[in-house]
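Take a look at the structure below.
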Amino acid sequence: MANFSLQIPHVVRDDEPIIEHSISQNTVRFENLKLKLIICAIILFIVLLISGISIFLYKQKSSTFPTASQSSTLTSTIENVNLSACRLNPQYRQEGEIVAGVPYASNDQLNKLRGPTSVYLDSKRNIYVADTNNNQIRKYLFGQKQHGQIILDEKFNIIYPRCLFINQENDNLYFLDQDSQGYYRVQYFVENLNKSTILINGKKTSSYGMSLDENLNIFISEFNNHRVVKWLAPNYKDYLVVAGNGTASSEVNRLSYPRSIFIDHFTNDLYVADGNRIQRWSKNSTKGEIILQNGDICPSGIECDCHGNIYISQDKTIKLVNQFTGLTGVDIIGKPYEGSMDERSNTTEYLFYSEGIYLDKFNGDLYIADSGFKRIQKNILIN
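Quick note on numbering: UniProt numbering labels position 315 of the sequence shown as 315, and the sequence is numbered without any gaps.
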């Protein structure tokens, strides 16, 4: 038989005190919730503050140091090459136009160059010149030939700058120079911040050659180490030996005091000038292929175009080599000559110790750093 229990509800009398226990618990819960919300708000504020500071510092660093995201810069430049200006058999006007510096006999000391070794154009067609013996890098605005602006000099602690490269996406500048001991450095300059940063300190050797590939890896010819090294982007702390083995030799698997180098952005081949020859090193190759060997003078500047033409500056002339068309060192600009250079300094048909060259990918014109005649001249493509 089931048990039933009768529960009689408690009736509160008027004189009985009311228990407020449940109300007190609700108050405590509310206070705890409020405290948690305050703590969360403080934590959120700190996180947002740290994030804001981090973003600010990252942007500052990005503007003064090349990042991996900038590796598309060179690729976009290659894709925008004007192929109609890339000639299979290029021909140039023999008389050049002085586009930086003043005539050799000029007394304009303010605008006179003392030994330009490299020339490069930015995305706005402005001309940059490494005036090596002046310890300066100058910028010539488009259309202003003689009055260059000094953007880097000894106040920035640069010494014998050469081998310019300009990122066409942001117009920031890479250049090769040396420290007080003569060892090479690579610096990175952001003009709108008026600040340069040392990316690479060399391995106790001088250098006369620098080139960058499509990923902004930096290739350096180490003169005294008889090799070419590839410094890996974006931090440039590690490097690979890509040509030579540290022992001087004229054999094709070695180098002897290498100077100018150039990365062909169409094929990724590496061109190296050492001794009196130009070698081509294919990617991952253990030996080079001699494409030009001539005379006693080391080639000073190298450029390539979309047809495999190789432009080489060698003292008084610019030579053209193309294994596909059979060209083996034809002089396309300049004339060999003997005698005093003073007799020929007032005409741009002659060169004297031409060094760095720059091939304009948009119209095919060739810019020449004439170190002996102390000027930058442009020779116009005519065919």
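Note that the Cβ used here is the ideal one computed from N, Cα and C, for glycine as well.
Taking only the alpha-carbon atoms, compute the straight-line gap between residue i and residue j and give it to the nearest angstrom.
i: S250; j: G143; result: 45 Å
i: L113; j: L49; result: 51 Å
i: E154; j: K139; result: 16 Å
i: L212; j: I42; result: 48 Å
i: T197; j: F189; result: 6 Å
i: V102; j: R162; result: 20 Å
i: F165; j: N215; result: 13 Å
i: I297; j: Y128; result: 26 Å
i: T205; j: G182; result: 7 Å
i: I382; j: L83; result: 15 Å
i: D238; j: S180; result: 23 Å
i: Y311; j: K195; result: 33 Å
i: Y120; j: F45; result: 48 Å
i: L270; j: N284; result: 10 Å
i: K319; j: L141; result: 29 Å
i: S340; j: S354; result: 16 Å
i: L327; j: I98; result: 28 Å
i: F156; j: A233; result: 24 Å
i: W281; j: R227; result: 12 Å
i: K287; j: L110; result: 47 Å
i: N245; j: N217; result: 20 Å
i: I261; j: R277; result: 12 Å
i: G308; j: P299; result: 18 Å
i: K378; j: Q136; result: 21 Å
i: N225; j: T247; result: 7 Å
i: E338; j: E303; result: 27 Å
i: M210; j: E343; result: 34 Å
i: N126; j: H147; result: 12 Å
i: K374; j: N134; result: 11 Å
i: K145; j: R254; result: 42 Å
i: I151; j: N192; result: 11 Å
i: A100; j: A130; result: 11 Å
According to DSSP, is residue i helix, strand or coil?
i: I297; result: coil
i: N135; result: coil
i: I158; result: coil
i: C40; result: helix
i: I166; result: strand
i: F362; result: coil
i: L176; result: strand
i: V102; result: coil
i: N379; result: strand
i: A68; result: In this prediction, A68 has a pLDDT of 44, which is less than 50 and means its spatial position is unreliable; nothing more can be read from the coordinates.
i: V228; result: strand
i: S118; result: strand
i: K374; result: coil
i: K34; result: helix
i: S84; result: helix
i: E214; result: coil
i: N111; result: coil
i: F45; result: helix
i: N192; result: helix
i: K237; result: coil
Residue i and residue j look like a contact to me (Cβ under 8 Å); what is the Cβ gap, rounded to whole Å?
i: Y208; j: F219; result: Actually they do not touch by this definition, with Cβ atoms about 13 Å apart.
i: L199; j: Y236; result: 5 Å
i: G295; j: I357; result: Between I357 and G295 the Cβ distance is about 18 Å, and since that is not below 8 Å, they are no contact.
i: D305; j: L359; result: 6 Å
i: Q279; j: V252; result: 7 Å
i: V321; j: G334; result: Actually they do not touch by this definition, with Cβ atoms about 15 Å apart.
Short check: CB of residue i to CB of residue j, under 8 Å?
i: I332; j: Y92; result: yes
i: S313; j: I263; result: no
i: A273; j: R259; result: yes
i: F266; j: A85; result: no
i: S123; j: D171; result: yes
i: S371; j: G96; result: no
i: A105; j: S256; result: no
i: D365; j: I380; result: yes
i: E289; j: Q94; result: no
i: L351; j: T325; result: no
i: Y174; j: T132; result: no
i: R185; j: N167; result: no
Quick check on the DSSP output: what are the complete alpha helix (DSSP H) runs of length 4 or more inside the stretch 246–311, in order along the chain?
none
Could I get the ranges of all uninterrupted beta strand (DSSP E) runs contained in the stretch 310–369, with 3 residues as the minimum, in chain order?
310–314, 317–322, 327–334, 354–359
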